[in-house]
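**Q** In my numbering, the protein residues as written are 4 to 298. Just passing along the structure, written as structure tokens.
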Amino acid sequence: MSYKSGFIGIVGRPNVGKSTLMNAILGEKIAIMSDKPQTTRNVIRGVYTTDDAQMVFIDTPGIHKPKNKLGEFMTDAAVRTLSEVDIILFILDERADFGPGNEYILKLIEGVKTPKFLIINKIDKIEPNHFRKIYEDYDNLKVFDEIYGISAINSKNIDVLLTKIKEILPEGPAFFPKDIITDQHERLLISEIIREKTLLYLEDEIPHGIAIDILSITDVNDLISIKAEIYCEKKSHKGIIIGKEGRKLKGIGKSSRLEIEGLFGAKVYLELFVKVRENWRENNTILKNFGYYNR
Ligand SMILES: Nc1nc2c(ncn2[C@@H]2O[C@H](COP(=O)(O)OP(=O)(O)OP(=O)(O)O)[C@@H](O)[C@H]2O)c(=O)[nH]1
Ligand SMILES: [Mg+2]
Numbered sequence: 004m005s006y007k008s009g010f011i012g013i014v015g016r017p018n019v020g021k022s023t024l025m026n027a028i029l030g031e032k033i034a035i036m037s038d039k040p041q042t043t044r045n046v047i048r049g050v051y052t053t054d055d056a057q058m059v060f061i062d063t064p065g066i067h068k069p070k071n072k073l074g075e076f077m078t079d080a081a082v083r084t085l086s087e088v089d090i091i092l093f094i095l096d097e098r099a100d101f102g103p104g105n106e107y108i109l110k111l112i113e114g115v116k117t118p119k120f121l122i123i124n125k126i127d128k129i130e131p132n133h134f135r136k137i138y139e140d141y142d143n144l145k146v147f148d149e150i151y152g153i154s155a156i157n158s159k160n161i162d163v164l165l166t167k168i169k170e171i172l173p174e175g176p177a178f179f180p181k182d183i184i185t186d187q188h189e190r191l192l193i194s195e196i197i198r199e200k201t202l203l204y205l206e207d208e209i210p211h212g213i214a215i216d217i218l219s220i221t222d223v224n225d226l227i228s229i230k231a232e233i234y235c236e237k238k239s240h241k242g243i244i245i246g247k248e249g250r251k252l253k254g255i256g257k258s259s260r261l262e263i264e265g266l267f268g269a270k271v272y273l274e275l276f277v278k279v280r281e282n283w284r285e286n287n288t289i290l291k292n293f294g295y296y297n298r
């Protein structure tokens, strides 16, 4: 049997479970996830290799109406992916209304010829009647080649989805070495873990203004020492991130360290500093420094 390969774009509104789906497919966490919208900021490639196929999944930032330059970068990156893949997975969750958000994305994907799958995620918390309604409403649009109900968090129906994806992928060689699961570098993986833990400890508006800058990573005698800065947009936010007697920052540090230790299988010493940089999401130079630019 000949080898198959291709790129599969995972797109949709913020918070529908795109990154959770990609991690579930890979069986490893390479993309951070949170209950806050706009968690993913860059496209992230996850490589799923089997004996007879290589599927390169592209997790994208949630498409939303941008309120600043960071939002524009994120949405542009997601939209650009649509024209660069062999299959599009449009992810919905229980909030599958035809509101302006989903309508906008539907228009975009209608415009490309690529095979499109509709993925209704979070079926673990969708009533059967509600599921049928979503299914029928979207089926009637005649835009999608396939429709699947899945639960990314429980890895439900993912095998069925993968079988279908493989079936329609074109013949082709492996694009990545067969033992690679992501093209993200160490530095980015570390900064994303710290950002995820910071989001976990924060509420409301602050998460959107968070960025992580890794100052240094050194590895001496199997002890990895990392210095990183957590950026926020306001002085008052800095106080919240640090918390009473520094407790919140300690929690962020500890949970980040444990996950980074798991990732590298080595002891980690992590130092975190909180910095304020007003309006960084509107500043092109800073966006670039934080890695939010088109490569
Ligand atoms: N109940 C349930 N929750 C889920 C499922 N999949 C994802 N979630 C939750 O949905 C939230 C958003 O998940 P993410 O994977 O970060 O969503 P995303 O689409 O990548 O979000 P952005 O990166 O912000 O665009 C998290 O709290 C997940 O735990 C699912 O199958 N069932
Ligand atoms: Mg995401």
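Idealized CB from N, CA, C, for every residue including glycine.
1. Which stretch, first to last residue, makes up the beta strand (DSSP E) that contains methionine 58?
2. Quick one, are the C-beta atoms of lysine 270 and aspartate 225 less than 8 Å apart?
3. At 4 residues or longer, what runs of the alpha helix (DSSP H) sit wholly inside the stretch 74-145?
4. Below 8 Å on the Cβ atoms is my contact criterion, and I expect aspartate 196 with glutamate 149 to pass it. Report the Cβ-Cβ distance as a whole number of Å.
5. For threonine 117 versus isoleucine 90, is the C-beta spacing smaller than 8 Å?
6. For serine 86, collect the residues of the same chain with a Cβ closer than 7 Å to its Cβ; drop the 5 residues on either side in sequence, then sort them by chain order.
7. Alpha carbon to alpha carbon, how far is leucine 290 from asparagine 71? Give it in angstroms, no decimals.
8. In the DSSP assignment, the beta strand (DSSP E) including lysine 270 goes from what residue to what residue?
9. Along the chain, where does the alpha helix (DSSP H) that runs through isoleucine 169 open and close?
10. Figure out for me which residue from Phe76, Ile184, Leu144 and Glu208 has the closest Cα to the Cα of lysine 241.
11. Would you say lysine 125 touches ligand 2, meaning its beta carbon is less than 7 Å from a heavy atom?
12. Looking at asparagine 160 and aspartate 127, is the spacing between their C-beta atoms short of 8 Å?
13. Just to confirm before moving on: does the CB-CB distance between serine 5 and glutamate 199 stay below 8 Å?
14. Just to confirm, is the Cβ distance from tyrosine 234 to arginine 284 under 8 Å?
15. Cβ of serine 49 within 8 Å of Cβ of aspartate 96?
16. Does any heavy atom of ligand 1 sit closer than 7 Å to the C-beta of serine 154?
17. For isoleucine 47 versus isoleucine 11, is the C-beta distance shorter than 8 Å?
18. Can you tell me the Cα-Cα spacing of asparagine 282 and glycine 212, whole angstroms?
19. For glutamate 170, count neighbouring Cβ atoms within 10 angstroms of its own Cβ and tell me buried if that reaches 16, exposed if not.
20. Would you tell me roughly how many angstroms separate the C-alpha atoms of threonine 78 and proline 64, rounded to the nearest one?
**A** The answer reads as follows:
1. 56-62
2. yes
3. 103-113 and 131-142
4. A small fix is needed here, since residue 196 is isoleucine in this sequence, not aspartate. In fact, because the Cβ distance is near 34 Å, the residues do not count as touching under 8 Å.
5. yes
6. Val115
7. 11 Å
8. 270-279
9. Note that residue 169 corresponds to lysine in the displayed sequence, not to isoleucine. 161-171 is the span of the alpha helix (DSSP H), which, as asked, contains lysine 169.
10. Glu208
11. no
12. no
13. no
14. no
15. The displayed chain sequence assigns glycine, not serine, to residue 49. No, the pair does not count as a contact, with Cβ atoms beyond the cut-off.
16. yes
17. no
18. 8 Å
19. exposed
20. 7 Å
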